[in-house]
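Taken in order, these protein sequences are the chains called R and Y.
Using the numbering used here, read the first sequence as starting at 1 and increasing by one per residue.
Using the numbering used here, read the second sequence as starting at 1 and increasing by one per residue.
Where a beta carbon is used, it is the ideal one built from N, C-alpha and C, also for glycine.
What follows is a short report on a single structure.
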Amino acid sequence: MDLVSAARRGRETAFAQLFDEHHLPLFRFAYRLTGSTADAEDIVQECFLELLRPTCSYDPARTPVRTYLFGIVRNQWLKRRRKVEPTASVEVGRQESLDTDLLRAETSDLVARAVMQLPDTQREVLILAHYEQMPLAEIARVMEIEVTAVKSRLQRARASLKETLAAYEEKRA
Amino acid sequence: MNDTELNQLLDTWKDPPVPVSFRRRTRAEFAARFEKTARWKPILRRSLFAAAIAALLLVAMQAIPQTFSPQINVPYNVFSLFTKYSSDGSQTVEMATVSYNDENGREILLGRQMPGNFIGSVVGRALDAVQRIAGPRLRPLRAAVHSDPERVDPPPKVLVGCASESCIGLESFAVPSVGARAGCATENVVARETIRDFPTVAVRVSVSPGRRLTVWMAPDLACYAMKIADERLGADGSFHLARMKQALKVRQNRDQRHVGDLPHF
């Protein structure tokens, strides 16, 4: 019996093992998506509890549990985002303030801000590819898109970051 | 900026440590969720299982009562009507039964129906079937527990009517009998009458100071009570009819397998 099935039957040790094996990357992913530790905790907790629901469609024969869990985290984040920030129009305004902020903040904060300013579709690809070192094919499964789309989003994200962060480097120099 | 420089910059964004309480909180949530489910699941499962079995038995007992009492050899059955009399003189049918007396003079209820009381009829019939099947099987258990022979084999009783408004419980009394071969009764005989072509002997017994029963027993039917008059002492000092059982039809079962059909109201 796999860990998910055992956890669904109420075996706490199975749930603990599942949690211990996966919660760190999921937490990192959720944190980089939301920028908040508290939100990341909530999302990851909800993600694990989602697996236990009788309505959960997880099929171990079709998807590795890690891929499925990343997918739940992403969905939970998108759900929250729709509630909190229903439109993406804030990105333009932020771009203007970013330039001035860049000069004052620490490098890591600026990198974080620069990543957070990326469009959602580019940001999640970048986080999974760079920070989680996830293969492109797996990212495609998590996001339910084609590998080619993952590649192009990643290229656009990196190009955008290069531009933003290069401007910062120049100003700092 | 080249790819390496970008990667170096990106790596400066470190992820925060996972809060210590996070693991504990998630595991507690898991435990709480399963505690709730675990508490109700077995009860729910057992209840559903019991309900399903009960429903199945009920349906089967209504449809094919013979299946549930294949050991019974029914020599005859009597369709009787129980009528209730009110003080204002009105009367209502309380219950219709199909029953017979076994060789020991015990009345075996094969079925009953209460007009206008569908649930009571269904439950009552199910209880009768259970009693019919389980009763004889419980005798060894009673014999092991009780040393008193009366507790093991209680004396035969006649069914007088419903014990309550719901009519699920029934009221019965033990009427002294000397057995069918001796003509059922030799003392307290108050009348002799032929009912539905069967000669009967009537005895009168006092149930309580204000209540008496007159029971017409048929020796040819193992002292079956063909008629019962249940009388109560009124304010005028005389007895008034409160309930009456009357045999309306006697059906002989030559193959001794037919248990009788209940009429529908």
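Let me make sure I understand the geometry here. Which of the options has the alpha-carbon closest to that of residue i?
{"i": "Y/Ala247", "options": "Y/Met226, Y/Asp230 and Y/Val74", "result": "Y/Met226"}
{"i": "R/Tyr31", "options": "R/Met134, R/Arg123, R/Phe15 and R/Thr67", "result": "R/Arg123"}
{"i": "R/Ala16", "options": "Y/Ser177, Y/Arg24 and Y/Pro19", "result": "Y/Arg24"}
{"i": "Y/Gln252", "options": "Y/Ser208, Y/Thr214 and Y/Tyr100", "result": "Y/Tyr100"}
{"i": "Y/Leu16", "options": "R/Asp109, R/Leu49 and R/Pro54", "result": "Correcting the residue type first, residue 16 of chain Y is Pro in the shown sequence and not Leu. Considering only alpha carbons, the answer is R/Asp109."}
{"i": "R/Val4", "options": "R/Thr121, R/Leu51, R/Ala61 and R/Cys47", "result": "R/Leu51"}
{"i": "Y/Ile108", "options": "Y/Asp153, Y/Phe239, Y/Lys157 and Y/Ala51", "result": "Y/Lys157"}
{"i": "Y/Pro75", "options": "Y/Thr92, Y/Ile228 and Y/Leu221", "result": "Y/Leu221"}
{"i": "R/Arg113", "options": "Y/Thr12, Y/Lys249 and Y/Met217", "result": "Y/Thr12"}
{"i": "R/Ala14", "options": "R/Leu26, R/Pro135, R/Phe48 and R/Gln117", "result": "R/Phe48"}
{"i": "R/Gln117", "options": "R/Arg156, R/Pro64 and R/Ser152", "result": "R/Arg156"}
{"i": "Y/Phe198", "options": "Y/Tyr224, Y/Glu187 and Y/Ile228", "result": "Y/Tyr224"}
{"i": "Y/Gln131", "options": "Y/Val145, Y/Leu170, Y/Val20 and Y/Pro19", "result": "Y/Leu170"}
{"i": "R/Trp77", "options": "R/Ser36, R/Arg158 and R/Arg62", "result": "R/Ser36"}
{"i": "R/Pro119", "options": "R/Leu33, R/Ala6, R/Arg11 and R/Ala137", "result": "R/Leu33"}
{"i": "Y/Asn104", "options": "Y/Asp153, Y/Thr83, Y/Cys167 and Y/Ala52", "result": "Y/Asp153"}
{"i": "Y/Glu29", "options": "R/Pro25, R/Arg28 and R/Glu12", "result": "R/Glu12"}
{"i": "Y/Asn188", "options": "Y/Ser166, Y/Ile168, Y/Pro209 and Y/Leu213", "result": "Y/Leu213"}
{"i": "Y/Gly237", "options": "Y/Val190, Y/Met217 and Y/Pro209", "result": "Y/Pro209"}
{"i": "Y/Gly120", "options": "Y/Ile43, Y/Glu165 and Y/Glu193", "result": "Y/Glu165"}
{"i": "Y/Arg192", "options": "Y/Ala182, Y/Ile168 and Y/Met217", "result": "Y/Met217"}
{"i": "R/Pro60", "options": "R/Ala6, R/Glu146, R/Lys171 and R/Tyr131", "result": "R/Ala6"}
{"i": "Y/Pro115", "options": "Y/Asp128, Y/Ser86, Y/Ala126 and Y/Met95", "result": "Y/Met95"}
{"i": "Y/Leu127", "options": "Y/Asp88, Y/Leu141, Y/Pro140 and Y/Cys167", "result": "Y/Cys167"}
{"i": "R/Ser57", "options": "R/Arg82, R/Lys83, R/Arg8 and R/Val44", "result": "R/Arg8"}
{"i": "Y/Asn73", "options": "Y/Ala182, Y/Leu141 and Y/Ile133", "result": "Y/Ile133"}
{"i": "Y/Val190", "options": "Y/Arg196, Y/Ala182 and Y/Thr200", "result": "Y/Thr200"}
{"i": "Y/Leu110", "options": "Y/His146, Y/Lys14, Y/Gly89 and Y/Asn77", "result": "Y/Asn77"}
{"i": "Y/Ala32", "options": "R/Val44, R/Ile43 and R/Gly10", "result": "R/Gly10"}
Using a C-beta cutoff of 7 Å, does residue i count as contacting chain R?
{"i": "Y/Val18", "result": "yes"}
{"i": "Y/Ser26", "result": "The sequence as given places Thr at residue 26 of chain Y; Ser does not occur at that position. So yes, Y/Thr26 belongs to the interface."}
{"i": "Y/Met1", "result": "yes"}
{"i": "Y/Trp40", "result": "no"}
{"i": "Y/Leu4", "result": "The question names Leu, yet the displayed sequence has Thr at residue 4 of chain Y. No, Y/Thr4 does not count as interfacial toward chain R."}
{"i": "Y/Leu48", "result": "no"}
{"i": "Y/Leu9", "result": "yes"}
{"i": "Y/Thr12", "result": "yes"}
{"i": "Y/Asp15", "result": "yes"}
{"i": "Y/Phe30", "result": "yes"}
{"i": "Y/Phe79", "result": "no"}
{"i": "Y/Phe22", "result": "yes"}
Shorter than 7 Å from the beta carbon of residue i to some beta carbon of chain Y?
{"i": "R/Tyr31", "result": "yes"}
{"i": "R/Val111", "result": "yes"}
{"i": "R/Thr34", "result": "no"}
{"i": "R/Thr107", "result": "yes"}
{"i": "R/Leu165", "result": "yes"}
{"i": "R/Gly10", "result": "yes"}
{"i": "R/Phe70", "result": "no"}
{"i": "R/Thr37", "result": "yes"}
{"i": "R/Lys162", "result": "yes"}
{"i": "R/Gln45", "result": "yes"}
{"i": "R/His130", "result": "yes"}
{"i": "R/Arg94", "result": "Confidence at R/Arg94 is low in this model, with a pLDDT of 45, below 50, so the placement of that residue is unreliable and no value is reported for it."}
{"i": "R/Arg81", "result": "no"}
{"i": "R/Arg28", "result": "yes"}
Can you check whether the CB of residue j is closer than 7 Å to the CB of residue i?
{"i": "R/Gly71", "j": "R/Val142", "result": "yes"}
{"i": "Y/Asp102", "j": "Y/Val160", "result": "no"}
{"i": "R/Thr121", "j": "R/Arg153", "result": "yes"}
{"i": "Y/Val207", "j": "Y/Val175", "result": "no"}
{"i": "Y/Leu6", "j": "R/Lys162", "result": "yes"}
{"i": "R/Glu41", "j": "Y/Phe22", "result": "yes"}
{"i": "R/Leu128", "j": "R/Met134", "result": "yes"}
{"i": "Y/Gly124", "j": "Y/Arg112", "result": "yes"}
{"i": "R/Pro25", "j": "R/Glu132", "result": "yes"}
{"i": "Y/Arg243", "j": "Y/Lys41", "result": "no"}
Assuming residue i and residue j are in contact, meaning their beta carbons sit under 8 Å apart, how far apart are those beta carbons, in whole angstroms?
{"i": "Y/Arg232", "j": "Y/Arg211", "result": "5 Å"}
{"i": "Y/Ala180", "j": "Y/Pro219", "result": "5 Å"}
{"i": "R/Arg74", "j": "R/Asp39", "result": "Going by Cβ atoms, the distance from R/Arg74 to R/Asp39 rounds to 13 Å, so no, they are not a contact pair."}
{"i": "Y/Phe79", "j": "Y/Lys249", "result": "4 Å"}
{"i": "Y/Leu81", "j": "Y/Val93", "result": "6 Å"}
{"i": "Y/Ser177", "j": "Y/Ala185", "result": "6 Å"}
{"i": "Y/Leu58", "j": "Y/Val122", "result": "6 Å"}
{"i": "R/Thr67", "j": "R/Glu138", "result": "6 Å"}
{"i": "Y/Val18", "j": "R/Phe27", "result": "5 Å"}
So, does the CB of residue i fall closer than 7 Å to a CB anywhere in chain C?
{"i": "R/Glu41", "result": "Going by chain labels, chain C is absent from the structure shown, which instead holds the protein chains R and Y."}
Does the region 13-21 of chain R come into contact with the region 1-20 of chain Y, if we say contact requires no fewer than three beta-carbon pairs (one atom in each stretch) closer than 8 Å?
no
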